[in-house]
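Residue numbering for the sequence shown follows the UniProt record's numbering, starting at 1 and increasing by one per position. We put the CB at the ideal spot given by N, CA and C, even for glycine. Note that this is a predicted model, so its numbers are computed, not measured.
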Amino acid sequence: MNDKADIIGTSMRADGTFRTSFYSDGQMIDLLGRLPAEWVVDRVAAINNSRYIAAEGFSRLTGERGALLLTPVPEPETVALLAVGLAFIALRAKRHQRKQG
Numbered sequence: 001m002n003d004k005a006d007i008i009g010t011s012m013r014a015d016g017t018f019r020t021s022f023y024s025d026g027q028m029i030d031l032l033g034r035l036p037a038e039w040v041v042d043r044v045a046a047i048n049n050s051r052y053i054a055a056e057g058f059s060r061l062t063g064e065r066g067a068l069l070l071t072p073v074p075e076p077e078t079v080a081l082l083a084v085g086l087a088f089i090a091l092r093a094k095r096h097q098r099k100q101g
């Protein structure tokens, strides 16, 4: 758990399979969906206040094991900055279109 009360861990589903999860703001997110399909997370180690998750996993294709760094949720500031940037680009494109036609 970090200072934001985000929690990472592994839980067992009703069918007996395990899932590696991230819990934040009342939402549970399955970390497996955040990786390329060939990779499996089998151990989460830590989460910091920037929500970077240190984990271990392996490739289903090659069997290669490795350390993984996951970022399950973009920070609200990142989303807001992206929205402002897209709005600016749309406004510029609209003005450019008016000048040409």
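Contact between the stretch 48-61 and the stretch 10-18 is not established, with fewer than three Cβ pairs separated by less than 8 Å. Going by beta carbons, residue 71 and residue 13 fall outside the 9 Å limit. Judged by DSSP secondary structure, residue 66 falls within the beta strand (DSSP E) whose first and last residues are 65-70.
Taking all protein chains shown into account, residue 86 has fewer than 16 neighbouring C-beta atoms within 10 Å of its C-beta and is therefore exposed.
The beta-bridge partner set that DSSP reports for residue 29 consists of 22. Rounded to the nearest whole angstrom, the C-alpha separation of residue 39 and residue 46 is 19 Å. Around the beta carbon of residue 84, a 10 Å sphere encloses fewer than 16 other beta carbons of the protein chains shown; the residue is thus reported as exposed.
Rounded to the nearest angstrom, the Cβ distance from residue 67 to residue 54 is 7 Å, consistent with a contact under 8 Å.
In this structure, residue 8 places its C-beta atom within 9 Å of the C-beta atom of residue 31.
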